[in-house]
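Participant: Supplied in structure tokens, the structure appears directly below.
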Amino acid sequence: MRDFSRDHRWLSINTTTVRKQGDLLAIIEACRRHGIRGLSPWRDQVAEVGLERAARAIRDGGFELSGYCRGGMFTGDASRRQEIIDDNRRAVDEAATLGAACLVLVVGGLPQFSRPGSSPSKDIGVAREMVAEQLGLLLEYARQAQVPLAIEPLHPMYAADRACVNTMRQALDLCDTLDPEGQGGIGVAVDVYHTWWDPELEEQIRRAGKSRLLAFHVCDWLVPTRDLLNDRGMMGDGVIDIPRIRGWVEAAGFAGYSEVEIFSHDWWKQPIDHVLSTCVERHRTSV
1 MRDFSRDHRW LSINTTTVRK QGDLLAIIEA CRRHGIRGLS PWRDQVAEVG LERAARAIRD
61 GGFELSGYCR GGMFTGDASR RQEIIDDNRR AVDEAATLGA ACLVLVVGGL PQFSRPGSSP
121 SKDIGVAREM VAEQLGLLLE YARQAQVPLA IEPLHPMYAA DRACVNTMRQ ALDLCDTLDP
181 EGQGGIGVAV DVYHTWWDPE LEEQIRRAGK SRLLAFHVCD WLVPTRDLLN DRGMMGDGVI
241 DIPRIRGWVE AAGFAGYSEV EIFSHDWWKQ PIDHVLSTCV ERHRTSV
């Protein structure tokens with residue numbers, strides 16, 4: 001396993017971690033101050049400053065993108081089908097312009113939550129069929145753009161509104177169905193917050209192997225968790241054995257960035273330099 005104790009070369013900041021402290025350009029400048037060279041921006045933050053301006057700032061700053069957040073939300077009424085296709089193709093195009101290592105996909109839950117205005121449904125099986133269909137359509141487009149697709153399984157508490165793919169096994173089954181010959185272009189993003197509880201996690205990481213492991217996200221699970229979305233912890237403040245999971249992904253061949261992605265009302269209240277300096281320190285001691 002790589003030694004992170006001496007430097008933070010392989011630290012990436014998912015820009016939602018400090019989204020309340022400034023726009024994307026301010027985040028880029030703050031990361032530059034702290035010697036952080038990895039980023040993973042969100043689409044809304046890119047749109048706020050403009051795609052070309054964002055791409056220029058990333059390029060001029062010498063940054064590498066561990067990912068781009070996010071595509072997906074594949075579930076919706078039949079009348080929304082073309083909207084979903086177009087939206088995800090735009091996400092692929094943006095990721096290509098920015099030079100992202102992958103487009104992270106949060107696949108969507110029940111249609112009325114993923115695409116508001118869709119008819120209410122309680123059929124999660126149908127939702128999963130929609131995901132598989134839309135993923136198949138997007139994969140060929142993404143391959144042409146040379147943008148790998150990273151399915152991110154989310155914790156089951158998000159199954160209704162954000163992602164009906166909730167385990168690594170489910171995500172890898174989709175990969176194998178859509179890419180049975182192993183041509184590539186599709187894999188998984190392993191986020192410890194969403195997967196640490198899974199008794200099959202080590203086995204499924206091994207199954208994924210180097211070709212399917214496209215991203216590795218870190219933060220921590222606090223006890224108690226006060227908010228289902230916005231109470232994630234800084235690495236080392238919770239109960240996840242992050243180094244153990246990193247050991248598994250690296251043993252399987254992953255050698256990319258550890259991407260810090262923290263949704264937290266508490267951390268959003270802190271000065272950006274304090275948040276980033278803490279990320280650097282915890283990357284060395286708790287990742």
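Letter by letter, the sequence shown follows residues 1 to 287 in full-length UniProt numbering.
Here a beta-carbon is modelled for each residue, glycine too, at the ideal position from N, C-alpha and C.
(1) Given this structure, state the Cα-to-Cα distance separating residue 33 from residue 119, to the nearest angstrom.
(2) According to the Cβ coordinates, are residue 239 and residue 216 closer than 9 angstroms?
(3) Hey, would you say residue 38 sits closer than 9 angstroms to residue 257, going by beta carbons?
(4) Could you give the first and the last residue of the continuous alpha helix (DSSP H) run that contains residue 128?
(5) Relative to the alpha-carbon of residue 138, which residue among 163, 175, 168 and 113 has its alpha-carbon at the smallest distance?
(6) Per DSSP, residue 267 forms a beta bridge with which residues?
(7) Between residue 93 and the rest of its own chain, which residues show a CB-CB distance below 8 angstroms, the 5 nearest in sequence each way excluded?
(8) Classify residue 34 as helix, strand or coil using the three-state DSSP reduction.
(9) Flag this pair as yes or no: are the beta carbons of residue 294 and residue 106 separated by less than 9 angstroms?
(10) Only counting the same chain, and skipping five residues up and downstream in sequence, which positions put a Cβ closer than 8 angstroms to that of residue 22?
(11) Fully enclosed by the stretch 171-233, which beta strand (DSSP E) runs are 3 residues long or longer?
(12) Measure the Cβ-Cβ separation of residue 186 and residue 228 and say whether it is below 9 angstroms.
Facilitator: Result, derived from the coordinates:
(1) Going from the Cα of residue 33 to the Cα of residue 119 covers about 48 angstroms.
(2) No, the Cβ-Cβ distance between residue 239 and residue 216 is not below 9 angstroms.
(3) Contact flag set, yes.
(4) Run containing residue 128: 124-145, per the alpha helix (DSSP H) assignment.
(5) Of all alpha-carbon atoms in 163, 175, 168 and 113, the one lying nearest the alpha-carbon of residue 138 is that of 175.
(6) In DSSP, residue 267 forms no bridge with anything.
(7) Only 145 meet the Cβ criterion.
(8) In the structure shown, residue 34 sits in coil (DSSP, three-state: anything other than H, G, I, E or B).
(9) Because residue 294 is not part of the residues shown, which for the chain are 1 to 287, the question remains open.
(10) Here the set comprises 30 and 272.
(11) Here the runs fully enclosed are 186-191 and 213-218.
(12) Result no, Cβ atoms of residue 186 and residue 228 do not sit closer than 9 angstroms.
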